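Undergrad:
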Amino acid sequence: MVSLSKKLIAPILKSSSFISTVAKFHDDHLPFIPFSHLQKIKHLECQLVSTLEHCRSPAQIKQTHAYIIRKCLHQSSYIIAKLIRMLSKFNVSTKSYAASVFSEVRHPNAFLYTALIRGYLVDGMLKESILVYNSMRGRGLIPLSFTIAALLKGSASESDANFGRQIHGESVKLGGFGADLFVVNALIDMYVKCGDLDCGRKVFDEMPERDLISWTTLIDAYAKAAEMDCADELFSAMPVKDMVAWTAMVTGFVQNAKPREALECFERMQSAGVQTDEVTLVGVINACAQLGAVKHAYWVRDVAVRCGFDPAHDAHVGSALIDMYSKCGCLEEAYGVFNSLQRKNVYSYSSMIIGFAMHGRATSAIELFREMTTTTDVKPNSVTFLGVLTACSHGGMVEQGKLFFDEMKEKHGISPSVDHYNTMVDMLGRRGRLKEALSLIKAMPMEANGGVWGALLGASRVHGDASIAEEAAGHLFKLEPGNIGNYILLCEAYAKAGRWEDVARVRREMRAKGLRKKAGVACSWVEGERGEVQVFYAGEWTHPRSGEVKGVLEEVAERAGYEARVGGVVVIGRDILMEEKFIICIKFRIKEFVKNGLLWLLCIHCIIHVCIHAHPCHTSTKAMTLRRWFHGVAILVGLPARERHVGRKMCKIGGFI
DNA sequence: CTAGGGTTAG
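Residues 34 to 690 in the working numbering are what the first sequence spells out, letter by letter.
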């Protein structure tokens with residue numbers, strides 16, 4: 034039962050004429066009402082508003098609504114506005130409930146109109162809210178600053194610049210809103226969310242006075258538009274900087290893939306004596322994930338503890354940590370954080386599943402997914418399935434993957450995105466099921482993108498199917514005319530099929546288009562002596578000791594008994610047997626390499642080349658095995674911890690890994 | 001009654 038304070042209301046209700054007075058109060062022609070009754074009505078209104086405020090479910094609101102009608106207060110704008118606000122707070126459809134309650138009120142005031150407008154905006158129904166606004170203006174009611182701000186927010190979330198501009202005009206015409214910070218800040222927000230940064234800036238520049246929100250809205254907008262210089266300039270000019278503003282800068286750097294700047298900014302923030310909260314922390318953790326260095330991972334964990342955040346109690350921080358540890362190669366640590374989480378949500382599960390998939394642990398990924406769907410209430414989303422499908426793809430589990438793909442659609446009602454199709458094509462392609470992959474692409478409900486065709490082209494190259502490679506490349510040349518990788522892959526597919534004239538023809542086309550091969554599509558990295566990260570690009574030999582590494586690789590390759598040089602670069606075998614031989618050769622000479630400090634350099638180069646050239650069925654697991662093997666050896670030979678971990682970045686060549 | 005910063009993929 035709704036707890037109305039009976040003690041307070043009972044005496045009012047004893048008056049027999051009270052209900053009829055209340056009814057008259059809201060009537061068109063106001064009769065004379067004794068002042069004492071007027072006071073009582075106001076009192077009852079306050080009581081009901083407070084009751085509504087304490088409702089904890091739509092059912093309780095409905096109950097209170099019944100009571101409101103019984104007391105003849107359903108004409109009170111004050112009460113009905115509160116009722117509508119509560120309904121939208123509990124996500125009750127505005128159209129089905131609030132609208133009909135509203136229509137009963139004969140003289141809605143501006144507050145009630147605003148409540149209905151906001152209700153529609155919460156439901157994402159901008160058109161309906163415009164109609165309500167028009168009817169409000171038709172009645173000659175002047176909008177409140179809340180009304181204007183709400184409508185601007187609605188235009189912002191729908192990216193409807195046209196309507197937003199009209200509201201801007203309306204606010205100017207009505208006058209008096211120019212100094213209202215809520216309205217002007219909403220204006221800035223509306224313009225930047227509609228993609229018109231210049232207009233947002235203009236509003237900001239013309240403001241008579243600005244507050245923290247004006248500044249931060251614009252800074253964040255610049256950061257999201259990849260204009261970090263503008264964001265930085267504005268931030269420096271900011272007279273007082275609070276935690277949110279600092280955090281906007283930190284996450285801005287992260288979103289623009291500038292992890293070093295992000296960490297540097299965070300350090301400045303700390304020396305400025307500004308508090309850190311979980312949002313800041315998530316940004317810092319992501320910066321560390323981008324650096325992929327264990328050293329930073331441990332540092333950020335200490336920062337979190339020092340700031341008083343237990344990752345076990347915050348799903349945001351916990352999920353970011355799981356992701357970071359996975360990317361830094363510390364799967365055990367990631368799993369530790371995952372297990373410690375008190376409340377796991379879809380992000381926690383997805384991050385962990387993706388972590389397993391990333392490390393080639395397909396079975397663990399699938400088991401975790403099953404645990405999630407059978408023993409918890411957490412609902413998987415499209416990213417969760419992307420993780421599961423990636424795991425199947427890397428593990429060569431095609432049939433299993435197809436089942437998951439169907440389960441996603443049928444059991445969970447998630448329609449596959451182009452990325453899901455990308456993973457499916459990758460999965461089939463790795464196993465050489467190219468025709469199946471091609472017919473899947475043709476059956477796609479949306480246009481295939483470069484990723485999808487790229488996966489097919491890479492698979493055709495490996496499996497030597499020149500005609501499917503031709504078809505995929507044809508699409509890619511249109512979609513990514515400047516991407517030389519596609520030409521190279523097609524050439525290799527022709528070469529494998531012995532079609533040398535076609536190889537020559539494509540080479541001529543490449544030259545005619547002025548396309549030149551760029552180094553460094555794939556890379557690997559290792560943490561150096563002081564925790565700094567060294568990056569090694571495929572086909573690039575810029576490390577001071579690269580000459581030595583090259584010598585060793587060539588020598589080992591020769592011993593492994595196959596042609597080691599292609600265009601001056603050592604190529605590790607294109608089939609699995611060759612790789613095995615190569616790795617065995619290196620294993621035999623491991624002590625020697627450790628002695629002269631070449632071990633990790635060698636490993637990096639092995640991994641890069643395995644990633645690029647190995648058989649795609651095994652690419653990911655092979656690289657992973659190699660990395661794990663390296664880690665094991667490194668411990669055995671007593672390499673310092675920071676030199677044990679080798680990370681990897683996406684390798685676009687062939688679309689694999 | 002209204003406003004600014006955040007979590008997962010390759």
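For each residue, glycine too, the CB sits at the ideal point set by N, CA and C. All values derive from a computational prediction rather than experimental measurement.
Roughly how many whole angstroms lie between the Cα atoms of Gln93 and Lys377?
TA: Each residue's Cα considered, the two are about 30 Å apart.
Undergrad: Could you compute how far the alpha carbon of Val205 sits from the alpha carbon of Val216?
TA: So the alpha carbons of these two residues sit roughly 11 Å apart.
Undergrad: Among the candidates Gly446, Val451 and Arg494, whose CA atom is the shortest distance from the CA of Arg463?
TA: Among Gly446, Val451 and Arg494, the Cα nearest to that of Arg463 belongs to Arg494.
Undergrad: What residue range is occupied by the uninterrupted alpha helix (DSSP H) comprising Ser352?
TA: From DSSP, the alpha helix (DSSP H) with Ser352 extends over Ala348 to Lys360.
Undergrad: Using 10 angstroms around the beta-carbon of Glu625, count the other beta-carbons present and answer buried if the total reaches 16, otherwise exposed.
TA: The residue is exposed, with fewer than 16 neighbouring Cβ atoms inside 10 Å.
Undergrad: Express the C-alpha separation of Lys274 and Gly187 in angstroms, rounding to a whole number.
TA: If I take the Cα positions, the gap works out to 28 Å.
Undergrad: On a Cα-Cα basis, can you pick out the residue from Tyr166, Phe438 and Ala505 that is closest to Leu419?
TA: Leu419 has its Cα closest to that of Phe438, out of Tyr166, Phe438 and Ala505.
Undergrad: Just mark Ile102 as buried or exposed, buried being the case when its beta carbon has 16 or more other beta carbons within 10 Å.
TA: Burial call: exposed.
Undergrad: Let me know the secondary structure DSSP gives Cys95 once reduced to three states.
TA: Just to set this straight, residue 95 is Lys in the shown sequence, not Cys. The answer is helix: DSSP assigns Lys95 an H, G or I state.
Undergrad: Does Gly157 pass the burial test, meaning 16 or more other C-beta atoms within 10 Å, or should it be called exposed?
TA: The residue is exposed, with fewer than 16 neighbouring Cβ atoms inside 10 Å.
Undergrad: Sort Ile221, Asp238, Ser269 and Cys227 by Cα distance to Thr250 and report the nearest one.
TA: Comparing Cα-Cα distances from Thr250 to each of Ile221, Asp238, Ser269 and Cys227, the minimum goes to Ile221.
Undergrad: What distance in whole Å lies between the Cβ atoms of Tyr380 and Glu415, which are believed to be in contact at a cut-off of 8 Å?
TA: Before going on, a small fix: residue 415 reads as Ser here, not Glu. Actually they do not touch by this definition, with Cβ atoms about 13 Å apart.
Undergrad: Please report the straight-line C-alpha distance between Glu469 and Leu461, rounded to a whole angstrom.
TA: The alpha-carbon atoms of Glu469 and Leu461 are separated by roughly 7 Å.
Undergrad: What do you get for Gln72, buried or exposed, if any count of 16 or more other CB atoms within 10 angstroms of its CB means buried?
TA: It is exposed - the Cβ of Gln72 has fewer than 16 other Cβ atoms within 10 Å.
Undergrad: Take the Cβ of Asn124 as the centre, count every other Cβ of all protein chains shown within 10 Å, and call the residue buried at 16 or more, exposed below.
TA: By the 10 Å Cβ count, Asn124 comes out exposed.
Undergrad: Please state if the CB of Leu467 and the CB of Ala492 are separated by a distance shorter than 8 Å.
TA: Result yes, Cβ atoms of Ala492 and Leu467 sit closer than 8 Å.
Undergrad: Return the first residue and the last residue of the alpha helix (DSSP H) that Leu177 is part of.
TA: Careful: Leu177 lies outside any alpha helix (DSSP H) and carries neither H nor E.
Undergrad: Does DSSP put Ile447 in a helix, in a strand, or in coil?
TA: Reduced to three states, the DSSP call for Ile447 is coil.
Undergrad: Within 10 angstroms of its Cβ, does Ala278 collect 16 or more other Cβ (buried), or is it exposed?
TA: Buried, by the Cβ-count rule.
Undergrad: Our contact map puts Val225 next to Ala259 with C-beta atoms below 8 Å; I'd like the distance itself, whole angstroms only.
TA: That pair is no contact at about 13 Å.
Undergrad: Considering only residues of the same chain and omitting the five flanking positions on each side of Asp229, which have a CB-CB separation below 7 Å?
TA: Correct list, in chain order: Ala194.
Undergrad: Could you check if Phe68 is buried or exposed, using at least 16 other CB atoms within 10 Å of its CB as the buried criterion?
TA: So Phe68 ends up on the exposed side.
Undergrad: When the Cα atoms are used, what is the spatial distance from Ser178 to Leu207?
TA: Roughly 11 Å between the two C-alpha positions.
Undergrad: Would you tell me roughly how many angstroms separate the C-alpha atoms of Glu443 and Lys475, rounded to the nearest one?
TA: In a straight line, the C-alpha of Glu443 is about 21 Å away from that of Lys475.
Undergrad: Spatial neighbours of Val451 within its chain, please: C-beta separation below 6 Å, excluding the five flanking residues on both sides.
TA: Cβ neighbours of Val451 beyond the five flanking positions: Met479 and Asn482.
Undergrad: Quick check: the stretch 111-119 against the stretch 142-155, are at least 3 beta-carbon pairs closer than 8 Å?
TA: Touching, yes, given that three or more Cβ pairs across the two stretches are closer than 8 Å.
Undergrad: With Leu106 as the anchor, note down where its alpha helix (DSSP H) starts and where it stops.
TA: Where Leu106 is concerned, there is no enclosing alpha helix (DSSP H), given that its DSSP letter is neither H nor E.
Undergrad: For Asp498, name the three-state secondary structure that DSSP assigns.
TA: Asp498: coil per DSSP, three-state reduction.
Undergrad: Counting only the same chain and skipping the five closest in sequence on each side, list residues whose C-beta sits under 6 Å from that of Gln308.
TA: Closer than 6 Å at Cβ, skipping near neighbours: Met276.
Undergrad: When the Cα of Gly547 is compared with those of Ala256, Ala526, Glu525 and Tyr520, which residue comes out closest?
TA: When only C-alpha atoms are compared, the closest one is Tyr520.
Undergrad: Helix, strand or coil, according to DSSP, for Ala264 in the structure here?
TA: Helix, per DSSP.
Undergrad: Return helix, strand or coil for Val317, following the three-state DSSP convention.
TA: Note: Val317 maps to helix in three-state DSSP.
Undergrad: Taking buried to mean at least 16 other C-beta atoms within 10 Å of its own C-beta, is Gly197 buried or exposed?
TA: The residue is buried, with at least 16 neighbouring Cβ atoms inside 10 Å.
Undergrad: Residues in the same chain with beta-carbon distance under 7 Å from Ser426, minus the five sequence neighbours each way, listed in chain order, please.
TA: Only Gly434, Thr456, Asp459, Met460 and Arg463 meet the Cβ criterion.
Undergrad: Helix, strand or coil: how does DSSP classify Arg715 here?
TA: This structure gives no information on residue 715, because the portion of the chain shown stretches from 34 to 690.
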